[in-house]
Amino acid sequence: MKKDVRCEDTLCNCLYFASNKLNRLINRMADEEFSKIGLSTSHAFALMSINTEPGLSQSELSKILNIKPSTTSRFMDKLEIKGLATRKVKGKVSYLYPTEKGENLKEEIEECWQNLYHRYSKILGEKEGAELTELIYNAANELENKFQD
C-alpha cells in the first residue's frame, strides 16, 4: 500500500486520525450511492431498520444506529415528510413503521448497499474489506464496552 510521504508520523499512527479519514472517504462513497434514491446513508439505515422490524421503538432505533434520541427524532421527521415512515405514539413511547412507499424502497436500498460494497471491495479487495470491517467492528465494540464502564 502506498504511504503518504507528507504524513507526519503522529498522524499516520493515530487511530483517531486514520479512522476519521476512512470515515470521510467511505461516507462520500455511500452518500453517492444513496443519493440515487434520494436518501442520505443515515436515513437509509434508519428506514432499513424500520422495514426489517416494523414497530421498533424510537429508543431502540437510537441504540441500533448508535445515535442520540434527538437525532433519531430528526431522522424520523425527514422520513415522515418524504412519506417513507410513520410514528405511532402509545403513552410516552413512539413506535416506528414503514409506509407502503418506504417498504417499496427495500430492493433499491439493498441495491445501493451492494453497489457500495462492490465499490470498496474493488479497491480494497473482498477479503481485505471483510477483514477490515471485522477488525473495525470488533475494536468499536471493545472500546464501547470499556468506555461505558
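For the sequence shown, this note's numbering begins at 1 and goes up steadily by one. Cβ coordinates follow ideal geometry from the N, Cα and C atoms, glycine included.
Check the Cα spacing between Gln58 and each of Leu39, Pro98, Ile26: the tightest is with Pro98. Residue pairing from DSSP places Lys90 in a beta bridge opposite Val93. Of all alpha-carbon atoms in Thr71, Arg119, Tyr16, the one lying nearest the alpha-carbon of Ile26 is that of Arg119. Around Ser62, the same chain offers Lys68, Pro69, Thr71, Thr72 as residues with beta carbons nearer than 8 Å, after the five sequence neighbours per side are excluded. Counting of Cβ neighbours within 10 angstroms places Cys14 among the exposed residues, the total staying below 16. Here the region 15 to 34 makes no contact with the region 79 to 91; the two share fewer than three CB pairs at distances below 8 Å. Taking the Cα positions, Pro54 is about 46 Å away from Thr10.
Under DSSP, Leu56 forms a beta bridge with Leu96.
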